[in-house]
Ligand SMILES: [Zn+2]
């Protein structure tokens, strides 16, 4: 599949949220994620990528992939949707994530910069709120114990995500592909949280997301793909990759009233600060 390519550079952009271990890359791109990263993504100028796991099994793949690339880091955690398909109880499953990062040496070797993605997902039915809450909180505790930032998935669960995150005032992190209100964004950023914008910011019907971008504290804004999903316009619906972030950055810049260059610089600095990247 060929995507539109325009002459805008991705130089200096950090993708704060990607899933390059996802099967969709293998199925839809010749040579899979490795070919895409080597031939397209890194040559586009992308400065770094945070590869984010969603269950104990794919966290291993996520780490192995990050080890292959200088510019790739990993985040490990259990996604609220995934937790409903795991056979073990919360202690058993979260212990598998813990085992990946419980020494400084492991965190360094596995290139782990965050716990994620974790949170609530009330979109996909049926929803087991109790189980999602148990996994979310156990992983917030893990983040607190190891002083790691978290990556929060909040789908149609704004109130519960907000309240749960605030129960852990020592923990900081990012609400990824933010879809909440401008007011909640303000409350979060006031408390040191970050807000990340995905390709959704380019969608015609996403006026609310652009309003959040216009209103939010600039020092708290990140940019992401969530690839292989959420490809921005003009590639909406196609396989996404970090090389599409130029479109997302352009739309975000417009919404924030900043230049493209300043938006790249700002989101890069913010991402490095949150995740402690060099
Ligand atoms: Zn994701």
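Residue numbers (this note's numbering): 834 to 1111.
Glycine included, every Cβ here is placed at the ideal spot set by N, Cα and C.
This structure is a prediction, so every number in the text was calculated from the model and none was measured.
Q: Kindly identify the DSSP beta-bridge partner or partners of residue 908.
A: On the chain shown, position 75 is the one that residue 908 refers to. According to DSSP, which records beta bridges pairwise, residue 908 is partnered with 885 and 947.
Q) Does at least one heavy atom of ligand 1 sit under 7 angstroms from the Cβ of residue 873? A) On the chain shown, position 40 is the one that residue 873 refers to. No, ligand 1 has no heavy atom inside 7 angstroms of this Cβ.
Q: Just grab the DSSP bridge partners of residue 1036 for me.
A: Reading the chain shown from its first residue, position 203 is the one you call residue 1036. In DSSP, residue 1036 forms no bridge with anything.
Q.
As a quick exercise: from 946, 921, 936 and 910, pick the residue whose alpha carbon is nearest that of residue 972.
A. For the purposes of this step, residue 972 is identified with residue 139 of the chain shown, where counting begins at 1. Checked all of 946, 921, 936 and 910; the closest Cα to residue 972 is 910.
Q. Residues in its own chain within less than 8 angstroms of residue 848 by CB, not counting five upstream and five downstream?
A. Numbered from 1 along the chain shown, position 15 holds the residue referred to as residue 848. Excluding positions up to five away in sequence, the list reads 879, 881, 882, 883, 1056, 1057, 1058, 1060, 1075 and 1078.
Q.
Does the distance between the C-beta of residue 848 and the nearest non-hydrogen atom of ligand 1 fall short of 7 angstroms?
A. Against the chain shown, residue 848 aligns to sequence position 15. Because no heavy atom of ligand 1 lies under 7 angstroms away, the Cβ of residue 848 does not count as near it: no.
**Q.** Residues that residue 1006 bridges to, as DSSP identifies them
**A.** Position 173 of the chain shown holds residue 1006. According to DSSP, residue 1006 bridges with 983.
Q) Does the Cβ of residue 882 lie closer than 7 angstroms to at least one heavy atom of ligand 1? A) In the chain shown, counting from the first residue as 1, residue 882 sits at position 49. No; taking the cut-off as 7 angstroms, the Cβ of residue 882 has no heavy atom of ligand 1 nearer than that.
Q | Separation of residue 924 from residue 835, as counted between CA atoms | A | For the purposes of this step, residue 835 is identified with residue 2 of the chain shown, where counting begins at 1. For the purposes of this step, residue 924 is identified with residue 91 of the chain shown, where counting begins at 1. Note that residue 835 scores 48 on pLDDT, short of 50, meaning its location in the model is unreliable; the coordinates nonetheless yield the value given after this. The alpha-carbon atoms of residue 835 and residue 924 are separated by roughly 44 angstroms.
**Q.** Endpoints, the alpha helix (DSSP H) within which residue 923 is located
**A.** Position 90 of the chain shown, counted from the start, is the residue given in the question as residue 923. That run of the alpha helix (DSSP H) goes 923-931.
Q) What are the boundary residues of the beta strand (DSSP E) that includes residue 853? A) For the purposes of this step, residue 853 is taken as the residue at position 20 of the chain shown. Segment: none, residue 853 is in no beta strand (DSSP E) and carries neither H nor E.
Q: Check residue 916 in the structure and name its three-state DSSP category.
A: The sequence position of residue 916 within the chain shown is 83, counting from 1. If DSSP states are grouped into helix, strand and coil, residue 916 belongs with the helices.
Q | Identity of the residue in 1000, 965, 977 and 895 nearest residue 986 by Cα | A | In the chain shown, residue 986 corresponds to position 153, counting from 1. Of 1000, 965, 977 and 895, the residue nearest in Cα terms is 965.
Q) For residue 999, does the count of other Cβ atoms within 10 angstroms reach 16, so buried, or fall short, so exposed? A) Taking the first residue of the chain shown as position 1, residue 999 is located at position 166. Result: exposed.
Q: Look up residue 1056 in the DSSP assignment and give the residues it is bridged to.
A: If you number the chain shown from 1, residue 1056 lands on position 223. DSSP output for residue 1056 lists 1030 as bridge partner(s).
Q.
Just to confirm the assignment, what range does the alpha helix (DSSP H) spanning residue 1095 have?
A. Taking the first residue of the chain shown as 1, we reach residue 1095 at position 262. Per DSSP, residue 1095 belongs to the alpha helix (DSSP H) from 1093-1108.
Q: Confirm the yes/no value for this check: CB of residue 885, any heavy atom of ligand 1, distance under 7 angstroms.
A: In the chain shown, counting from the first residue as 1, residue 885 sits at position 52. Flag set: Cβ of residue 885 near ligand 1.
Q.
Does residue 996 come out as helix, strand or coil in the three-state DSSP assignment?
A. Numbered from 1 along the chain shown, position 163 holds the residue referred to as residue 996. Note: residue 996 maps to helix in three-state DSSP.
**Q.** Sequence-distant residues of the same chain with beta carbon closer than 7 angstroms to residue 1017, five excluded per side
**A.** Position 184 of the chain shown, counted from the start, is the residue given in the question as residue 1017. Correct list, in chain order: 991 and 995.
Q | Of the listed residues 1052, 1006 and 868, nearest to residue 902 (C-alpha basis) | A | What you label residue 902 is simply residue 69 of the chain shown in a count that begins at 1. Residue 868 is the option with its Cα nearest to residue 902.
Q: May I ask you to verify whether the stretch 953-968 touches the stretch 935-944, counting CB pairs closer than 8 angstroms and requiring at least 3?
A: no
Q | CB of residue 1066 within 8 angstroms of CB of residue 1093, strictly | A | Working through the chain shown from its first residue, we reach residue 1066 at position 233. Working through the chain shown from its first residue, we reach residue 1093 at position 260. No, Cβ-Cβ distance for residue 1066 and residue 1093 is not below 8 angstroms.
Q. Under the three-state reduction of DSSP, which class applies to residue 834: helix, strand or coil?
A. Within the chain shown, numbered from 1, the residue matching residue 834 stands at position 1. Residue confidence for residue 834 is low, a pLDDT of 42 falling below 50, so the modelled location carries little weight and cannot support an answer.
Q: Could you name the residues that DSSP lists as bridge partners for residue 847?
A: Sequence index remark: in the chain shown, residue 847 carries index 14 (1-based). The partner list for residue 847 (beta bridge, DSSP) reads 881.
Q) Based on Cα-Cα distance, which residue from 993, 1011 and 1025 lies nearest to residue 982? A) As a working note, residue 982 is residue 149 in the chain shown. Ranking the options by Cα distance to residue 982, first place goes to 1025.
Q: Pick helix, strand or coil for residue 1069, following the three-state DSSP scheme.
A: Taking the first residue of the chain shown as position 1, residue 1069 is located at position 236. Residue state, collapsed to three classes: coil.
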